[in-house]
Amino acid sequence: MNTRFAFYILGATVLGAAFGHFFPEIGKEIKFVGDAFIRLLKMIVIPVIVTTLLVGIAGIGDIKRMGRIGVKTVVWFELITTLILFIGLGIANLVKPGKGIELTNLPQADLTAIASNTATVLDAKTLLLHIVPTNIVDVMAKNDLLAVIFFCILFGIALVKLGHEARPFVSMMEIASKASFQLVNMVMLTAPVSVFALMSATIGTYGIALIVPLLKLIGTAYLGLAVVVFGLFSVIAVLLRVPIKDIYKMVWDLMIVGASTGSTETVVPQLMQRLEKYGVPKYITSFVIPAGMPLNSDGTTLYLTIAGPFIAQAFGIDMSWQQQLMMVLFFIVTSKGVAAVPSSSMVILLATVTAVGLPPEGVALIIGIDRVIDMARTAVNVFGHVFSCIAVAKWEGVFRKNREHDQDQPVSA
Numbered sequence: 061m062n063t064r065f066a067f068y069i070l071g072a073t074v075l076g077a078a079f080g081h082f083f084p085e086i087g088k089e090i091k092f093v094g095d096a097f098i099r100l101l102k103m104i105v106i107p108v109i110v111t112t113l114l115v116g117i118a119g120i121g122d123i124k125r126m127g128r129i130g131v132k133t134v135v136w137f138e139l140i141t142t143l144i145l146f147i148g149l150g151i152a153n154l155v156k157p158g159k160g161i162e163l164t165n166l167p168q169a170d171l172t173a174i175a176s177n178t179a180t181v182l183d184a185k186t187l188l189l190h191i192v193p194t195n196i197v198d199v200m201a202k203n204d205l206l207a208v209i210f211f212c213i214l215f216g217i218a219l220v221k222l223g224h225e226a227r228p229f230v231s232m233m234e235i236a237s238k239a240s241f242q243l244v245n246m247v248m249l250t251a252p253v254s255v256f257a258l259m260s261a262t263i264g265t266y267g268i269a270l271i272v273p274l275l276k277l278i279g280t281a282y283l284g285l286a287v288v289v290f291g292l293f294s295v296i297a298v299l300l301r302v303p304i305k306d307i308y309k310m311v312w313d314l315m316i317v318g319a320s321t322g323s324t325e326t327v328v329p330q331l332m333q334r335l336e337k338y339g340v341p342k343y344i345t346s347f348v349i350p351a352g353m354p355l356n357s358d359g360t361t362l363y364l365t366i367a368g369p370f371i372a373q374a375f376g377i378d379m380s381w382q383q384q385l386m387m388v389l390f391f392i393v394t395s396k397g398v399a400a401v402p403s404s405s406m407v408i409l410l411a412t413v414t415a416v417g418l419p420p421e422g423v424a425l426i427i428g429i430d431r432v433i434d435m436a437r438t439a440v441n442v443f444g445h446v447f448s449c450i451a452v453a454k455w456e457g458v459f460r461k462n463r464e465h466d467q468d469q470p471v472s473a
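All you need for the working numbering is the position in the sequence shown, starting with 1, plus 60.
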């Protein structure tokens, strides 16, 4: 992928929005092109995660070391996502994006499909049992990432225990991983046309008129995401002793691609390759990035704690700090359990606002702009994967261990 291609996709997003505004009926008609692209993305997720994760675990080569890396990875995910949740909550209380919103003219989307999935995230026992698959083929078919990752970790441990006997299988997985990355590149060739269709359909269905009353919510979400990227991650970069400008140079074009396609899977191969050249061992990137897809969505995490208070403010509900803290606790739990559920961020939001007593109609009001905010959320998710890999590599003492000081420059497109 080159830099020019990133701009092609960004241009397709802008043109798609304009086309959907001026030709809404045609925009809605070509939605099937975008839907086909989404199906292609879902098709490649499992091959990418299974092969890279198994190669990563086998590359670690030691069960104790793998357990140590796994614990550090999860601790990092939880620490950062919790910090981001409170950043979002603080910004929502400071800016108050829901104050003064006129709700009567806003169209409400149908929540039937989303509501059917909320039970999955509200029952803790079901949530935990959901992680343990009864049929690995079934969970792969459903793109149930948490269950797939759980199986891959156990299967990877078995491979490590086999030692040299497992080498032929690991070699086959390495080939399959490279083939999966090639498959991603093939799917990405259709991205500009598909992104154009998706944006045309979104604007054609809901209209730009929907965006205007909700500009304050959109602006607040983008402000919060900017605080995370330029504030929180800058501090983290200082703590990790890596130049933040190098990280920006390394991934800015991947953030554009991820934002335009609304999916981090589209940039995983390039992201892993660039991180490896930057000094993160392959076994770290192959473990942390696949695990982070369902567990480390920094952008989505921040938006949730902005959208929840927005709904309360829009309906004139004064949430106490106790209620807001309870909402954050719900987000901490539920955000880890629906990686395979369609419109997962909206499912999490609906489940949580219902649990804390907010009107579910609020979710129906903001679904129309979810695509606009999802672009920025996904870009931040890509950035979050970079720091997760570097942090774990630093924690393990293997970051740039076999490289000469810092003379290598960050890889760009």
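C-beta: ideal position from N, C-alpha, C; glycine also. Please read these numbers as outputs of a predicted model, since none were measured by experiment.
Residue i - containing alpha helix (DSSP H), residue span
i	result
Val220	Leu205 to Leu222
Ile316	Ile304 to Thr321
Gly422	Glu421 to Ile426
Met246	Arg227 to Met248
Thr265	Ala251 to Tyr266
Val115	Lys91 to Ile120
Met200	Ile196 to Ala201
Asp358	Asp358 to Ala374
Asp520	Residue 520 cannot be examined here, being either before or after the span of the chain that is shown, 61 to 473.
Lys276	Leu275 to Ala286
Gly148	Ile123 to Val155
Leu418	First-last for Leu418: undefined, no H or E at that position.
Glu325	Glu325 -> no alpha helix (DSSP H), and no H or E assigned at all.
Lys342	Lys342 to Leu355
Ile296	Phe293 to Leu300
Closest by C-alpha distance to residue i, when choosing among the options
i	options	result
Ala374	Val388, Pro157, Asp434 and Trp136	Pro157
Gly291	Pro273, Ile144 and Asp306	Ile144
Met259	Ala66, Ile90, His445 and Ile450	Ile90
Gly127	Asp313, Pro193, Tyr338 and Val348	Val348
Gly279	Ile366, Ile209, Ile304 and Lys202	Ile366
Asp53	Trp455, Val328 and Ile263	What is shown of the chain runs 61 to 473, which leaves residue 53 out entirely.
Val202	Gln382, Lys102, Val432 and Ala372	One point to set straight first is that residue 202 is Lys, not Val, in the sequence displayed. Ranking Gln382, Lys102, Val432 and Ala372 by Cα distance to Lys202 puts Lys102 first.
Val253	Ile69, Val289 and Val446	Ile69
Arg437	Ala218, Gly318 and Gln330	Gly318
Within 8 Å, strictly: CB atoms of residue i and residue j
i	j	result
Met353	Thr345	no
Phe241	Ser448	no
Val416	Gly359	no
Thr142	Ile392	yes
Phe459	Val340	yes
Val452	Thr112	no
Ile56	Val287	Given that the chain is displayed from residue 61 to residue 473, the structure contains no residue 56 and the question cannot be resolved.
Ile147	Leu274	no
C-alpha gap between residue i and residue j, whole angstroms
i	j	result
Leu385	Gly130	28 Å
Val74	Ala261	13 Å
Met248	Thr326	7 Å
Ala72	Asp198	36 Å
Ser357	Ala297	18 Å
Asp306	Gly376	45 Å
Gly368	Leu409	7 Å
Val401	Pro350	Per-residue confidence for Val401 stands at a pLDDT of 47, beneath the threshold of 50, marking its modelled position as unreliable; no derived number is given.
Thr412	Gly322	23 Å
Met406	Ala251	24 Å
Ala118	Leu277	45 Å
Val398	Tyr343	Reliability of the predicted coordinates at Val398 is poor, the pLDDT of 47 falling under 50, and the value obtained from them is presented with this limitation in mind. Roughly 26 Å separates the two Cα atoms.
Val192	Phe79	45 Å
Met315	Met435	9 Å
Val295	Arg334	22 Å
Val135	Gly444	14 Å
His465	Tyr338	With a pLDDT of 40 at His465, under the threshold of 50, the modelled position of this residue cannot be trusted, and the question is left open.
The ligand ATP heavy atom lying under 7 Å from the CB of residue i
i	result
Gly339	Ligands displayed in this structure: none; no statement on the ligand ATP is therefore possible.
Chain C contact for residue i (CB, 8 Å cutoff)
i	result
Val289	In the displayed structure, chain C is absent; only one protein chain is listed.
For this session: Assess, as a yes-or-no matter, whether the region 412 to 428 is touched by the region 298 to 307 under the definition of 3 or more beta carbon pairs within less than 8 Å.
Result: Result no; under three Cβ-Cβ pairs closer than 8 Å.
Exercise. Pairing CB atoms from the region 305 to 319 with CB atoms from the region 95 to 107, are three or more of them under 8 Å?
Worked result: Three or more beta-carbon pairs separated by less than 8 Å are not found between the region 305 to 319 and the region 95 to 107, which leaves the two stretches without contact.
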